[in-house]
Each structure stands twice: as structure tokens, then as C-alpha cells.
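The UniProt record's numbering puts the first residue of the sequence shown at 1, with every later residue one more than the last.
Beta carbons are placed, not taken as given, at the ideal position from N, Cα and C, and that holds for glycine.
Only a predicted model underlies this, so the values are computations on that prediction, with no experimental measurement involved.
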Amino acid sequence: MALSVSARSVDLRSEPVDQVLDHVDRSLQTCLDRNTVVRKRRTVGARTDRGTWVRIERRTVDSIGVQGWNGTECAARLTDIAQPAWLGCMVWQDSDEPAMWRADETGLLPGPPIGTAVLSEAPVLLDKWWQALNASLDALAGQETRRIATPDTVTITQALVTKSIRSVFPDGFDATVERWVPAHADLNWANMTAPTFSLFDWEDWGIAPLGLDSASLWASSLAVPALADRVRRERRCDFESRDGKLMTLFVCSKILGRDAHPEDPRLNPARRMVEQVIEELQRS
């Protein structure tokens, strides 16, 4: 069947996926447990009958980019990071439109995801959980890769950072990033487990400004002030760096930008932090 001119933008939380799950069953020679299906905007996941997990993602062809979309596969070679083992994958083209599907099979998570991307209540996290988080993020920053991070499937560049910051905040400081390091690029409470720490959903990882992960996790914690403060304490080295300050503004630009929701509980704490960070950058 001929491909249509453009692929639809779909939300897999509401899109019919039974045929997709059936296709994965046949191709991976397994049986996905329909009672364990987890739907997200871009992905669907389920447990298999052989004690593994399959994560299925759909992307339009033009959103895959030159580096491909094998982030989970590439993350398998990273060392000293708590993550589920990668076991294999399958990729296929949609028969009706210019979109691709990818299914990655991994080991099971050691516990449930902590919550949604943005939390409204503080989770119970032991000190050893925070120690494992720090160890994994520090180990990740020390790796080498040619991948470029794609938060929200958009390749992060200096131009993107500058545009995002300048679109919301005034001039008066240099927005140039000094240090770029490997980052998960989608670090939030929906992509980590507890009580045992594990970090998953690696499709967007790659080189990014120092402090992106820490700032992203802080931003997803802002509705719980004590939790946001704990993130800043644990990742203090990132937040005290110049790049960490820029990443704080970068993530706040998404909260405070033109699409800001007037009832978002993160608005006021984000504004207060922005004032502090801009003052610090102007002094430096």
C-alpha cells in the first residue's frame, strides 16, 4: 500500500493498538500480557510470558533523525548505571503512513515506576535510593558517545538552548553552554523505580548540556517543595555550575512560556528560582 503524504500525530493512550500487540507477539515469538499493558503518549509496554518487558514506540519518519532511534539499544553498553538489561528488538514500517514502529525487549524493572512525570505528592525514598541515583547520573556523565540528546524528540543544540531561554527571559547574561556530557534527557519520576533505583526509557539519551538531567528532575518536583529542595541538594554540583544554572532556566522556560497553565503549581517556585539564577548569572 502506498504511503500517505504525512503521518498522523497520534496519542497511544487512546489509539487502538491491538493489531500492533498481535504483530509483536508473532515477531518476537512471545505473548504479551494484556492485563499489564501500560500506555503513554508515545509508547505502549507490556510484560511477556517469558518474564521480560516489551516497550513499543511509534515515531513519524521525519522525527527519527539521522542518528536513528535506537537509544535503548545503545544504552545497553553504558557501564555502572542501574537500568534493565536490553535483550533485543524489532523495527517495522507502518503499512499506511510514513511512520515507524520499534519494540525493545528488556529485563523487568526491579520495582514500580515512582509516579507520573510531575509529582504532586512526595514519594518515600531512602538514602540508598538517592545514592544510587547520584552514582548512575555521575557514571553516565563520564561515558563517551556520539549520540545527541533529543528531549521531547527534538535534538538539543546551542541554538535551541539560546532560543528557549531568550523566548521567556531577558538578556543580560551569556547563554552559551560550556560543557556537554551524556544525559538521559528524559529524567522524571515516571522513568525511575523505587524502592530499588533503576532508570529506564533511554530513547532520548545523548550528549546534552551539563545539568540537564538534574534540572529536569527538579522541574518535575516543583509541586512538592521539599522534594525539589532534596533534588537540588543531592545534585548540588550540577546546580552550582554555570551550565546547571542555564539548564535551570531552560527547563523553567517550558513551565513559564506562552503555553503555561495558570493553575500549574510549579509556576511560583519556578519564577522565584528564575530570579535568583538570572541574578547569579549576571554577576558571574
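(1) Starting from the Cα of I81, find the closest Cα among M192, C237 and S220 and give me that residue.
(2) Quick one: grab the DSSP three-state call for C237.
(3) Which residue wins for smallest C-alpha separation from W129, given the options V231, Q276, L12 and D22?
(4) Would you mind reading off the limits of the beta strand (DSSP E) that contains M192?
(5) For R236 and D243, I'd like the C-alpha separation in whole angstroms.
(6) On the premise that I148 lies in contact with G211, defined as a C-beta separation below 8 Å, what is that separation, rounded to the nearest angstrom?
(7) For L160, which residues of its own chain have a beta-carbon under 8 Å away from its beta-carbon, when the five flanking residues on both sides are left out?
(8) Measuring straight from C-alpha to C-alpha, what distance separates L133 and L267?
(9) Less than 8 Å between the CB atoms is what I'm expecting for A7 and G115, so what's the real figure, rounded?
(10) Would you mind giving the Cβ-Cβ distance between A103 and V177, rounded to the nearest angstrom? I have them listed as a contact below 8 Å.
(11) Taking the alpha carbon of P112 as the point to measure from, which residue in I165, V124, W101 and E279 has its own alpha carbon closest?
(12) Relative to the alpha-carbon of V44, which residue among I56, R50, T162 and T52 has its alpha-carbon at the smallest distance?
(13) Helix, strand or coil for I207 per DSSP?
(14) Thinking C-alpha only, which one of P84, M273 and M100 is nearest M90?
(15) Let me make sure I understand the geometry here. Which of L109, S167 and P195 has the alpha-carbon closest to that of I48?
(16) Output the residue ranges of the alpha helix (DSSP H) runs that lie fully inside the segment 206 to 280 and measure 4 residues or longer, sorted by chain position.
(17) Taking the straight line between their C-alpha atoms, what separation do you get for V224 and F200?
(18) What are the partner residues of Q93, as DSSP defines its beta bridges?
(19) Taking the alpha-carbon positions, what's the T150 to F250 distance?
(20) Out of D213, A219, D204 and R271, state which residue places its alpha-carbon closest to the alpha-carbon of I64.
(21) Run the CB neighbour count on K163, radius 10 Å, all protein chains shown included, and call it buried at 16 or more, exposed below.
(22) Taking the C-alpha atoms as reference points, what is the distance between P182 and G172?
(23) Nearest by alpha-carbon distance to E121: which of Q276, L222 and T157 is it?
(24) Going by other Cβ atoms of all chains shown within 10 Å of its Cβ, with 16 needed for buried, is N35 buried or exposed?
(25) Considering Cα atoms alone, identify which of K40, I165 and L119 is closest to N188.
(26) With H, G and I counted as helix, E and B as strand and the rest as coil, what does DSSP make of T48?
(27) Name the two residues that bound the continuous alpha helix (DSSP H) containing W130.
(28) Excluding the 5 residues preceding and the 5 following T248 in the sequence, name in chain order all residues of the same chain whose CB lies nearer than 6 Å to its CB.
(29) Just confirm the distance between the C-beta atoms of L137 and D229, as a whole number of angstroms; I'd bet it's less than 8 Å.
The short version:
(1) Cα-wise, what sits closest to I81 is M192.
(2) In the structure shown, C237 adopts helical secondary structure according to DSSP, grouped into three states.
(3) Comparing Cα-Cα distances from W129 to each of V231, Q276, L12 and D22, the minimum goes to V231.
(4) Careful: M192 lies outside any beta strand (DSSP E) and carries neither H nor E.
(5) Using only the alpha carbons, I get a separation of about 12 Å.
(6) The Cβ separation is near 16 Å, so there is no contact.
(7) For L160, the CB contacts under 8 Å within the same chain, skipping 5 residues up- and downstream, are V154 in chain order.
(8) Near 26 Å, if we compare the C-alpha coordinates of L267 and L133.
(9) Contact doesn't hold; Cβ gap of about 31 Å is too wide.
(10) Contact between A103 and V177 does not hold, since their C-beta atoms are separated by about 35 Å, which reaches or exceeds 8 Å.
(11) Comparing Cα positions, the closest option is V124.
(12) Taking only the C-alpha atoms, the option nearest V44 is I56.
(13) Of the three classes helix, strand and coil, the one that applies to I207 here is strand, per DSSP.
(14) Closest by alpha carbon: M100.
(15) This sequence places Thr at residue 48; Ile is not what is there. Of the residues L109, S167 and P195, the one whose Cα lies closest to the Cα of T48 is L109.
(16) Listed in chain order, the complete alpha helix (DSSP H) runs (minimum 4 residues) inside the segment 206 to 280 are 212 to 219, 225 to 234, 236 to 240 and 242 to 256.
(17) If you take the alpha carbons of V224 and F200, they lie about 23 Å apart.
(18) Its beta-bridge partners are M100.
(19) Approximately 14 Å, taken between the alpha carbons.
(20) It is D204.
(21) Classification of K163: exposed, given that the 10 Å Cβ count is below 16.
(22) Using only the alpha carbons, I get a separation of about 28 Å.
(23) When each option's Cα is compared against that of E121, the closest is L222.
(24) N35 should be labelled exposed.
(25) Checking every option, the nearest Cα to that of N188 belongs to L119.
(26) For T48, the secondary structure class from DSSP, reduced to helix, strand or coil, is strand.
(27) Its alpha helix (DSSP H) spans residues D127 to A141.
(28) Cβ neighbours of T248 beyond the five flanking positions: A215 and V277.
(29) Between L137 and D229 the beta-carbon gap is near 18 Å, outside 8 Å, which marks them as no contact.
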